[in-house]
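Undergrad: Numbering (the numbering used here), first residue to last: 811 to 1024. Structure in structure tokens, see below.
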């Protein structure tokens, strides 16, 4: 693998996360209350993203309802949501985000071949026009912090106003989470760390990162 940001580091030299997950025997009653709504993994543990973020309990208290709504209660179909998240994970080289969402994408009907192809971007052969529009939207938001007029209009053919809002907010949410995970060095849990980020075909830079409206 050639990507310097692959998320499976050499365990012999890995210094560990910058912020370690808070171990369960260190949870006070308030922390237990905050983490109680979160489903545990098969091994009985709460995912590292939450046990790390809960070190800022005030922020966590407001973050969890918003993130949970986008993940479980939003208006986008599950497949749409996971395609946007996985392309965002690719763009931000967020290995933790990628590893945790590959199983969710499979459950939403994204095939293994499609999961691998996400790294190649919206212009790769095999995408439906609707799927390509979603990946292009994730790329434009990553690169330009806005959707072009063409992409907005194309998405509007099969998404209502609330869904268009949610597309932008979802991609923004998972950028924010990627910034935290990458900076904190959060490690994937056993059973998820077999999912390797695919090589990335980066969004075309076009006008040197200038916001375009074409």
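Glycine included, C-beta positions come from ideal geometry on N, C-alpha and C. This one's a predicted model, so the numbers in the text were calculated from it and none came from an experiment.
In angstroms, rounded to a whole number, what distance separates the CA positions of residue 1002 and residue 910?
TA: Cα to Cα, the separation comes out at about 6 Å.
Undergrad: Whole-angstrom Cβ separation of residue 766 and residue 893, contact assumed at under 8 Å?
TA: Nothing in the structure corresponds to residue 766, since the chain is present only between 811 and 1024.
Undergrad: So, residue 1013 versus residue 927, is the Cβ gap smaller than 8 Å?
TA: No, the Cβ-Cβ distance between residue 1013 and residue 927 is not below 8 Å.
Undergrad: Hey, how far is the Cα of residue 991 from the Cα of residue 882?
TA: In a straight line, the C-alpha of residue 991 is about 21 Å away from that of residue 882.
Undergrad: Less than 8 Å between the C-beta atoms of residue 999 and residue 904, yes or no?
TA: No. Outside cutoff.
Undergrad: I need the straight-line Cα distance from residue 844 to residue 871, nearest angstrom please.
TA: Rounded to whole angstroms, residue 844 to residue 871 spans 7 Å at the Cα level.
Undergrad: Could you give the first and the last residue of the continuous alpha helix (DSSP H) run that contains residue 861?
TA: Looking at the DSSP string, the run of the alpha helix (DSSP H) that includes residue 861 is 858-863.
Undergrad: Is the stretch 917-933 in contact with the stretch 958-978, if contact means three or more CB pairs nearer than 8 Å?
TA: Segments in contact, no.
Undergrad: CB residue 918 to CB residue 889, shorter than 8 Å?
TA: In contact: residue 918 and residue 889 (Cβ atoms closer than 8 Å).
Undergrad: To test your reading of the DSSP string, which unbroken alpha helix (DSSP H) runs of 4 or more residues are found completely within the stretch 882-957?
TA: Here the runs fully enclosed are 888-902, 905-917, 922-927 and 939-954.
Undergrad: Might you give, ordered along the chain, the residues of its own chain that have their beta carbon closer than 8 Å to the beta carbon of residue 877, omitting 5 neighbours on each side?
TA: Closer than 8 Å at Cβ, skipping near neighbours: 983 and 987.
Undergrad: Considering only residues of the same chain and omitting the five flanking positions on each side of residue 1010, which have a CB-CB separation below 6 Å?
TA: So the list reads 900 and 929, once near-sequence residues are dropped.
Undergrad: I need the DSSP call for residue 839, collapsed to helix, strand or coil.
TA: In the structure shown, residue 839 sits in a helix (DSSP, three-state: H, G or I).
Undergrad: Could you check if residue 994 is buried or exposed, using at least 16 other CB atoms within 10 Å of its CB as the buried criterion?
TA: Counting Cβ neighbours within 10 Å, residue 994 comes out buried, since at least 16 surround it.
Undergrad: With distances taken Cα to Cα, identify the nearest neighbour of residue 826 among 835, 997 and 863.
TA: Selected option, being the one with the closest Cα: 997.
Undergrad: When you compare only the Cα positions, how much space is there between residue 978 and residue 853?
TA: Approximately 34 Å between the Cα atoms of the pair.
Undergrad: Around the C-beta of residue 951, are 16 or more other C-beta atoms found within 10 angstroms, so that it is buried, or is it exposed?
TA: By the 10 Å Cβ count, residue 951 comes out buried.
Undergrad: Helix or strand or just coil, what does DSSP make of residue 978?
TA: Residue 978 falls in the helix class under three-state DSSP.
Undergrad: Distance check for residue 874 and residue 941, CA to CA, integer angstroms please.
TA: For residue 941 and residue 874, the distance between alpha carbons rounds to 28 Å.
Undergrad: Spatial neighbours of residue 906 within its chain, please: CB distance less than 7 Å, with the 5 preceding and 5 following residues excluded, ordered by chain position.
TA: 817, 859, 991, 996 and 998, listed in sequence order.
Undergrad: Since residue 877 is in the alpha helix (DSSP H), which residue starts that stretch and which ends it?
TA: Looking at the DSSP string, the run of the alpha helix (DSSP H) that includes residue 877 is 867-878.
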